[in-house]
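Some notes on the structure that comes next.
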Amino acid sequence: MQFLVSLATTYINDQASKNIWDRLSQILGDTDGICYYRYPSITSSTNSVPDLTLLACGYQPIIIKCLPYNLDEIQEIDDEEWIVNDIKNDSPLLELDDYSEGLNTKFGRKRNLRRRLEVIKVVALPFISEIDFRQRFNLEELLLDNTKIIWSNLSVDNVLVPIPIDKKLNYNEWQLAKSVFQGVALDKGTIDKSEQIQSLGQAIIELEKQITLLDPEQHKAAVQIAPGPQRIRGLAGTGKTVVLAKKAAIIHNTPELSEKRILFTFNTQSLYNQAKSLISKYYRDDNTEDPDWEGRLHIRHGWGSSDTERRSGVYSDICKRYELPTMSLRQAQKIDPKTPFRTCCKQILNIGIEPFYDYIVVDEAQDFPPEFFQILFQLCIPNEQTGLRCIYWAYDELQSLSSLEIPGATELFGLDINGSPNINIDGEDYPGGMEKDIVLRQSYRCPQSVLMLAHGVGLGIYAPRGCVQMLSDKVSWSAIGYDVVQGNLAEGEDTVILRPEENSPNKISEEYETKLDEKVIGIQVLQNVEEELAWVSQSIYQDIKVKKVPPEKIVVVSLDQRNAISYFQVIQRHLHKLNIPSLIPGLIRGTADFFAESGAVTLSTVWKAKGNEAPIIYIINFDYLYQYAEEIESRNRAFTSISRSKGWIRISGTGKQMLAVEKELEKIIKNIPYFRFKFPDMERVRRLDAAETSRRRKQVKTVEIATQQILKIDDDALASLNPEILKKLEEKVTRIREISERVGDED
């Protein structure tokens, strides 16, 4: 039984609720289910939320109002009001009645649950005995139908009501009941179970249905409203965006927080529509109205634009509020070409920003510079009870291969004038078991084979030149869902690392691999780019016209950043001739956040795709993985691209280099669910950083210039060189050929 505290600041002093939960947990033990503390799973007419809301497998749902009163404090009660300590209150029985009606209606919307679940209403008086209460009040005249009471003896026998045998839920129905209780629509988009899945399109519908239910760690991260900072971390596909969207919706829907301002911010512009859709979906599950987008809940890109016709961001909002000029991307790049947003943040960091938001939710935290977090610290109003900033940030484990170590809170938020951390997530949990640092280990987006391919390629575990990055300790491997089953991670040691099946629950594409003759990972080697782009276009045509895949479920990404847009335009022309709409986010002004638009295939650069996902991902120009000058960056892009897939990956490239890439990919696939390799020299690996990339680029440029100069020289002039120099040139060319052939022949 999972117990989730939504508001820690009220739970810490709520002894009545603690007593009742302690008793229920003793009886229910390991029963599958959920118990919420003050979680607004529905909106009632009174805006009152039960103290405990419980769903346990095999039992009817329960809502409990836990009253902390002693008998002497209750002066008068009737059907409408209770007078307690000279204050009139709505009758808790009426509040429960309103709430139970809403929760019963919520279950009743699902045909399979209709008339099978009936909410049990309970008033708990843990500090009053039944005998004493009856001596003062007429209990029989007071109670509404089906309302039960827990007295000071804490007997809950009449509260835990088993579901009748003829209405008992099977496994799928129980999962559906939990999803309704959680506020996620598990059965949306399902197909008729009587139908046999015959096409890839139908399998995708089934895939999107199965990913919906939140696991215990996701659920905890979403529901708990920590009274201070909290970090949520996990691999791509562990549901961080969903968790943050639900968290924002819950804060916005909590009656006690009705006047609080919330900021939801992120780095990737194309994430805007997804974030707004998710927050709206979760908010409307408990509410009949839309969120207050203008007043209380702001969705903002980190940067934004000074152009009022385009969407604003955290930076542009501040500039507007303080009447400062907004720096454009081009202006910022002139100052700092690699991290232009850092320049913007530095511009406003020391202007004295006034606190504005009560809660700040940050997705894609790994993509922001520390200066942005220091701005958020200034923007956040300290919590009234704790004095801490309620900033919740989600960080992708292993999202950037250039930095495998996640920076600590101090690195991000900095120090105060006394040298103490502005934000601290060390030490004890918050009250109610709220963790300050939550790790999500189960990756729901990617099937196991796809996720391990992403990691294998990204780290370069079987790369011809060796690993480009590596996790150096068992704790780090565990944090991303792997077990070290052989070796101590020492240089030259035979190492075996396993990804347990339970950490990659998405099995749908693998289940239908044989049935639909559809490989989870497809690899295609073509002769040239023209042939590759034509093949991709025809394959997409087959997906849509023959396999019934909706166009918006397909995304094409290129590893060749430099030529990506021109390649996409060729594919777009091919698709147009085949009557298939497509879009390129950001190609036309105002389309930067267009992604997965209904009826259109998305053709995206890696960084536009980042933060988004799709059931089918095509990655073109994959031979670019072996580009000498950009090997580290190319593998980083490959990792990001592969990990966007919720189901199927189609990889293509050209020429001899792609044949070599294919061998590396096949070795990864062959060893799944294991990585088997000799552990690398970590000092060598650590040297493969941005400085190494810069060095390689300069070397390649020097070689290009020198080669062009040599080719312009007369043959007779070259022949007149000292024989020793000519011999060295010949040896150099021979070694280059050998390296090229070895890369092509590596297993």
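Throughout, our numbering is defined as the position within the sequence shown, counted from one, plus 2. Even glycine gets a Cβ: it sits at the ideal position worked out from N, Cα and C. Values in this document were obtained by computation on a predicted structure and should not be read as measured data.
So what does DSSP say about M660, is it helix, strand or coil?
Reduced to three states, the DSSP call for M660 is helix.
In whole angstroms, give me the CA-to-CA distance for L417 and N424.
Answer to the nearest angstrom: the Cα atoms are 5 Å apart.
Tell me which residues share the same chain as A693 and place their Cβ nearer than 7 Å to its Cβ, disregarding the 5 neighbours each side in the sequence.
At A693 the pLDDT is 47, less than 50, meaning the model places this residue with poor confidence and gives no usable figure here.
I'd like the ranges of any beta strand (DSSP E) spanning at least 3 consecutive residues and lying wholly in the stretch 393-472.
Here the runs fully enclosed are 439-442.
Starting from I751, trace the alpha helix (DSSP H) both ways and give me its first and last residue.
Nothing can be reported for residue 751, as the shown portion of the chain is limited to 3 through 749.
Let's see if you can read the secondary structure: which residues bound the beta strand (DSSP E) around I618?
Here the beta strand (DSSP E) through I618 covers 616-622.
What are the start and end residues of each continuous beta strand (DSSP E) run of 3 or more residues lying completely inside the stretch 631-658, in chain order?
Here the runs fully enclosed are 647-656.
From the DSSP output, in three-state form, read off T55 for me.
It is a strand residue.
Out of N140, E142, V161, L141, which has the shortest C-alpha to C-alpha gap to K150?
Comparing Cα-Cα distances from K150 to each of N140, E142, V161, L141, the minimum goes to V161.
Is it true that the CB of R391 sits closer than 8 Å to the CB of P583?
No; because the gap between Cβ atoms is not below 8 Å, this pair is not in contact.
My output table needs one value for F681: the three-state DSSP class, helix, strand or coil.
In the structure shown, F681 sits in coil (DSSP, three-state: anything other than H, G, I, E or B).
In the DSSP assignment, find the alpha helix (DSSP H) that holds Q179 and state where it starts and stops.
The sequence shown places Ala at residue 179, rather than the Gln named in the question. Residues 173-184.
Under a three-way DSSP split, which group does F266 fall into?
Of the three classes helix, strand and coil, the one that applies to F266 here is strand, per DSSP.
With H, G and I counted as helix, E and B as strand and the rest as coil, what does DSSP make of E258?
If DSSP states are grouped into helix, strand and coil, E258 belongs with the helices.
What does DSSP give as the partner residue(s) for I64 in the beta ladder?
According to DSSP, I64 bridges with L56, I122.
Pick out whichever of S8, R286, V452, P63 has its Cα sitting closest to the Cα of K521.
Checked all of S8, R286, V452, P63; the closest Cα to K521 is V452.
Smallest Cα separation from Q349: which of I362, Q333, P42, S282?
Cα-wise, what sits closest to Q349 is Q333.
Looking at the secondary structure, which residues open and close the alpha helix (DSSP H) in which K150 lies?
Premise fails: K150 lies in the beta strand (DSSP E), 149-152, not in any alpha helix (DSSP H).
Does W84 come out as helix, strand or coil in the three-state DSSP assignment?
Looking at W84 - three-state DSSP - the assignment turns out to be strand.
Does the distance between the C-beta of I253 and the nearest non-hydrogen atom of the ligand ADP fall short of 7 Å?
Annotation note on the ligand ADP: not contained in the displayed structure, which lists no ligands.
According to the neighbour-count rule (16 or more other Cβ atoms, all chains shown, within 10 Å of its Cβ), is Y324 buried or exposed?
Exposed.
Return the CA-CA distance between S645 and A238, expressed in angstroms with no decimal places.
Their Cα atoms are separated by approximately 7 Å.
Roughly how many whole angstroms lie between the Cα atoms of D194 and Y620?
The predicted position of D194 is uncertain, since its pLDDT is 45 and thus under 50; a value taken from the coordinates is nonetheless stated next. Approximately 29 Å, taken between the alpha carbons.
For G306, name the three-state secondary structure that DSSP assigns.
Note: G306 maps to coil in three-state DSSP.
If we call anything under 8 Å between Cβ atoms a contact, is T256 one with P52?
Not closer than 8 Å, so no.
Mapping DSSP to helix, strand and coil, what is T33?
Coil.
Quick check: what's the CA-CA separation for C321 versus K549?
For C321 and K549, the distance between alpha carbons rounds to 50 Å.
In angstroms, rounded to a whole number, what distance separates the CA positions of S201 and W153?
So the two alpha carbons sit approximately 58 Å from each other.
Exposed or buried, what is G31 when buried is set at 16 or more other beta-carbons lying within 10 Å of its beta-carbon?
So G31 counts as exposed.
Identify every residue that forms a DSSP beta bridge with V499.
Strictly speaking, residue 499 in this sequence is Ile, with Val absent from that position. I499 is bridged to V486, F677.
Is P229 buried or exposed, if buried means 16 or more other CB atoms sit within 10 Å of its CB?
By the neighbour-count rule (16 or more Cβ atoms within 10 Å), P229 is buried.
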